[in-house]
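Engineer:
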Amino acid sequence: ILNVEQSPQSLHVQEGDSTNFTCSFPSSNFYALHWYRWETAKSPEALFVMTLNGDEKKKGRISATLNTKEGYSYLYIKGSQPEDSATYLCALYFGNEKLTFGTGTRLTIIP
Amino acid sequence: DGGITQSPKYLFRKEGQNVTLSCEQNLNHDAMYWYRQDPGQGLRLIYYSQIVNDFQKGDIAEGYSVSREKKESFPLTVTSAQKNPTAFYLCASYGTPNTGELFFGEGSRLTVL
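Structure, rendered in structure tokens:
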């Protein structure tokens, strides 16, 4: 079973500050890397699906990068807001219709 | 609105009882999945189904059973054989081909007393 690791496990960030966290994995052939945001009492929702080395995606204040050769992806949040509080999940898709998930990073924004 | 509905949200069960968690989707997706979440662990795949009347075991299928009689429905039964059933269960369906983006329900929390 492939290990997808996320760090840190949790972090607290002051409102307005920027932050980032990491998804790391053994370099291997995969079709896509996913980021999901999971707010409390809601469904996880896809943020980004990244497929190519060097991919960069952006949605508002949130962006992500992918480095397949060195086996990591970063998720950045600029100017954190309370609504960014959530658990952020990373997952790898190998084209077999299954995803392998990391343990998640739990982000809390302090007003 | 299109989406995935799981029920019940909370469920309590006595040891030795089977319990069935419901998952319904109106997204017209072929593939559906059941994941389990435990504290400090990533989502782990229990069962998945790529088409009606067919399903495959995931990484932790022991003590669980599923059926896929209709495209819209993928119920999960937690049997008395599951040694540690207290957990949070998420149902999902498969969206865009080639990238595997999942759409999730809001989950069901099962507590065994």
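Chains D and R are the protein sequences, given in the same order.
Using our numbering, the first residue of the first sequence is number -4, and each one after it goes up by one.
Using our numbering, the first residue of the second sequence is number 3, and each one after it goes up by one.
For each residue, glycine too, the CB sits at the ideal point set by N, CA and C.
(1) Closer than 8 Å is the cut-off here; do at least three beta carbon pairs connect the region 70 to 84 of chain D with the region 6 to 24 of chain D?
(2) Taking only beta-carbon atoms, is Phe76 (chain R) less than 8 Å away from chain D?
(3) Rounded C-beta distance between Gly5 (chain R) and Asn28 (chain R)? I'm assuming under 8 Å.
(4) Quick one: does His7 (chain D) have its CB under 8 Å from some CB of chain R?
(5) Is Glu78 (chain D) helix, strand or coil by DSSP?
(6) Report the neighbours of Gly65 (chain R) on chain D: residues whose CB is nearer than 7 Å to its CB, in chain order.
(7) Looking at the C-beta of Phe57 (chain R), does it have a partner C-beta in chain A at a distance below 8 Å?
(8) So, does the CB of Lys120 (chain D) fall closer than 8 Å to a CB anywhere in chain R?
(9) Name the chain D residues that come within less than 8 Å of Gln52 (chain R), Cβ to Cβ?
(10) Would you say Tyr96 (chain R) faces chain D, with C-beta separation under 8 Å as the test?
(11) Any chance the region 35 to 49 of chain D sits against the region 91 to 100 of chain D, with 3 or more Cβ pairs inside 8 Å?
(12) Assess contact between the region 31 to 38 of chain R and the region 46 to 58 of chain R, defined as three or more Cβ pairs (one per stretch) separated by less than 8 Å. Is contact present?
(13) In whole angstroms, what is the alpha-carbon distance linking Thr22 (chain R) and Val54 (chain R)?
(14) DSSP three-state label for Arg70 (chain R), please.
(15) By how many angstroms is the C-alpha of Phe57 (chain R) removed from the C-alpha of Thr7 (chain R)?
(16) Given a cut-off of 8 Å on the beta-carbon distance, is the pair Thr79 (chain R) and Ser67 (chain R) in contact?
(17) Measure the beta-carbon distance from Val(-1) (chain D) to Gly44 (chain R) and round it to whole angstroms, keeping in mind my assumption that it falls under 8 Å.
(18) How about Pro3 (chain D): is its C-beta nearer than 8 Å to some C-beta of chain R?
(19) Taking the alpha-carbon of His31 (chain R) as reference, which of R:Glu17, R:Leu13, R:Arg15 and R:Cys93 has the nearest alpha-carbon?
(20) Using a beta-carbon distance below 8 Å, is Phe106 (chain R) in contact with chain D?
(21) Can you round the beta-carbon distance between Gly97 (chain R) and Phe106 (chain R) to whole angstroms, since I take them to be within the 8 Å contact cut?
(22) When DSSP labels each residue in this structure, what does Thr46 (chain D) get in the three-state scheme?
(23) Between the Cα of Lys64 (chain D) and the Cα atoms of D:Leu(-3), D:His7, D:Ser19 and D:Gln4, which residue gives the shortest distance?
Structural biologist: Result, derived from the coordinates:
(1) yes
(2) In the second sequence, counting from the first residue as 1, residue 76 (chain R) sits at position 74. By this cut-off, Phe76 (chain R) is not an interface position.
(3) Counting from 1 along the second sequence, the entry for residue 5 (chain R) is found at position 3. Counting from 1 along the second sequence, the entry for residue 28 (chain R) is found at position 26. The Cβ separation is near 7 Å, so the contact holds.
(4) On the first sequence, position 12 is the one that residue 7 (chain D) refers to. With 8 Å as the cut-off, His7 (chain D) does not count as an interface residue toward chain R.
(5) In the first sequence, counting from the first residue as 1, residue 78 (chain D) sits at position 83. Helix, per DSSP.
(6) Taking the first residue of the second sequence as 1, we reach residue 65 (chain R) at position 63. Those within 7 Å of Gly65 (chain R) in chain D number zero; the least Cβ separation is about 19 Å.
(7) No chain A appears in this structure, whose protein chains are D and R.
(8) There is no way to answer for residue 120 (chain D), as the model of chain D reaches only from -4 to 106.
(9) In the second sequence, residue 52 (chain R) corresponds to position 50, counting from 1. Result: Glu92.
(10) Within the second sequence, residue 96 (chain R) is the residue found at index 94, counting from 1. Yes, Tyr96 (chain R) lies at the interface with chain D (some Cβ there is under 8 Å from its Cβ).
(11) no
(12) yes
(13) Taking the first residue of the second sequence as position 1, residue 22 (chain R) is located at position 20. Taking the first residue of the second sequence as position 1, residue 54 (chain R) is located at position 52. Cα-Cα distance, rounded: 19 Å.
(14) Sequence index remark: in the second sequence, residue 70 (chain R) carries index 68 (1-based). Note: Arg70 (chain R) maps to coil in three-state DSSP.
(15) Counting from 1 along the second sequence, the entry for residue 7 (chain R) is found at position 5. Counting from 1 along the second sequence, the entry for residue 57 (chain R) is found at position 55. Rounded to the nearest angstrom, the two C-alpha atoms are 20 Å apart.
(16) Here residue 79 (chain R) is taken as the residue at index 77 of the second sequence, counted from 1. Here residue 67 (chain R) is taken as the residue at index 65 of the second sequence, counted from 1. Going by C-beta atoms, Thr79 (chain R) is nearer than 8 Å to Ser67 (chain R).
(17) Working through the first sequence from its first residue, we reach residue -1 (chain D) at position 4. Working through the second sequence from its first residue, we reach residue 44 (chain R) at position 42. Yes, they are in contact, since the Cβ atoms of Val(-1) (chain D) and Gly44 (chain R) sit about 7 Å apart, within 8 Å.
(18) Position 8 of the first sequence, counted from the start, is the residue given in the question as residue 3 (chain D). So, not an interface residue.
(19) Start at 1 with the first residue of the second sequence, and residue 31 (chain R) comes out as number 29. Residue R:Cys93 is the option with its Cα nearest to His31 (chain R).
(20) Taking the second sequence and counting its residues from 1, the one referred to as residue 106 (chain R) is at position 104. Judged by the 8 Å Cβ criterion, Phe106 (chain R) is in contact with chain D.
(21) Translated into the one-based positions of the second sequence, residue 97 (chain R) becomes position 95. Translated into the one-based positions of the second sequence, residue 106 (chain R) becomes position 104. Not a contact, Cβ separation roughly 10 Å.
(22) Taking the first residue of the first sequence as position 1, residue 46 (chain D) is located at position 51. Coil, per DSSP.
(23) Within the first sequence, the letter at position 69 stands for residue 64 (chain D). If we check each option's Cα against that of Lys64 (chain D), D:Ser19 comes out closest.
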